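Taking it in order: structure first as structure tokens, then the write-up.
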């Protein structure tokens, strides 16, 4: 007696696709893949921007709550006072290099007397706010991200929620307020020491007349130049603090790693992203202020 072999069920299209090696089985899917990838990246970017905006708004409003003064003073010391040394060092040598390079460029046209104007305006308008923000990001911004990230992965922030203490008010708001206070002051210090560095390089070492140098500095710098530099410093303060605190606060949301590695990656991302946004914001703010 012959037994009939059970007929296998017809393979569906998915099974057929899995057993075929034809690369052009679905050309529409192949063509749509790059657009889908770009779309996902764009949606993630918009989500992060929206979350960061809400993060900033809630933390900024909590600055004006009661009993914030001690935390703000502590963060001013940490962000501002402890960054003075690196600001003085970088500002002094930046001014010296700028004076040296500017002298050799101006002497070709017999305009070395304009050295003070070039050094002062370059520092006050551009180099002072930008380099100050980058130096604070490297020193204090990275530390902020690492500190808040460790508090997140060690569940200290969750403990604050359990005790009915708002983590944004306790951790983020004092840092934003301290940055808004510290960045303009450190920028002014950078500008001053940079002008002195240009004086040392141009007048003491290269022989430019000191009276002409300081006269050009005084006559060429207007109040608008100083105000524009301080506006940039305030914008950079908000950018650096929000980016660094946001990266540390949401370290646990990283999908690539968790724990100590997640904190290190968040710190790296915060520093790189802050530096890039500082340069982008510098162009945008300058275009509005000119």
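Numbering (the working numbering), first residue to last: 227 to 516. Cβ coordinates follow ideal geometry from the N, Cα and C atoms, glycine included. As the structure is a prediction and not an experimental result, all values here were calculated from the model.
Return yes when the Cβ of residue 421 is within less than 7 Å of the Cβ of residue 346, no when it is not. yes
Beta-carbon spacing of residue 356, residue 454 below 7 Å: no
State the DSSP-derived secondary structure class of residue 506, mapped to helix, strand or coil. helix
By Cβ distance, which residues of its chain are closer than 7 Å to residue 506, with the 5 residues on each side in sequence left out? none
Decide if residue 370 is buried, meaning its Cβ has at least 16 other Cβ atoms within 10 Å, or exposed. buried
Taking just the CA atoms, how far does residue 393 sit from residue 335? 59 Å
Do residue 489 and residue 372 have their beta-carbon atoms positioned less than 7 Å apart in this structure? yes
Would the segment 268–282 and the segment 378–391 be scored as touching if the rule is three or more Cβ pairs under 8 Å? no
Taking all protein chains shown into account, decide if residue 444 is buried (16 or more other Cβ within 10 angstroms of its Cβ) or exposed. exposed
Tell me which residue opens and which closes the alpha helix (DSSP H) that residue 399 is part of. 399–425
Assign residue 287 to buried or exposed, taking buried as 16 or more other Cβ atoms, counted over all protein chains shown, within 10 Å of its Cβ. exposed
Thinking residue 321 and residue 477 are a contact (beta carbons under 8 Å), I'd like their distance in whole angstroms, please. The Cβ separation is near 38 Å, so there is no contact.
What span of residues does the alpha helix (DSSP H) with residue 320 cover, start to end? 310–332
Distance between residue 299 and residue 413 (C-alpha atoms, nearest Å): 19 Å
Who are the Cβ neighbours of residue 360 in its own chain at under 7 Å, not counting the five residues just before and after it? 501 and 504
Selected residue, minimal CA-CA separation from residue 451, among 351, 305 and 316: 351
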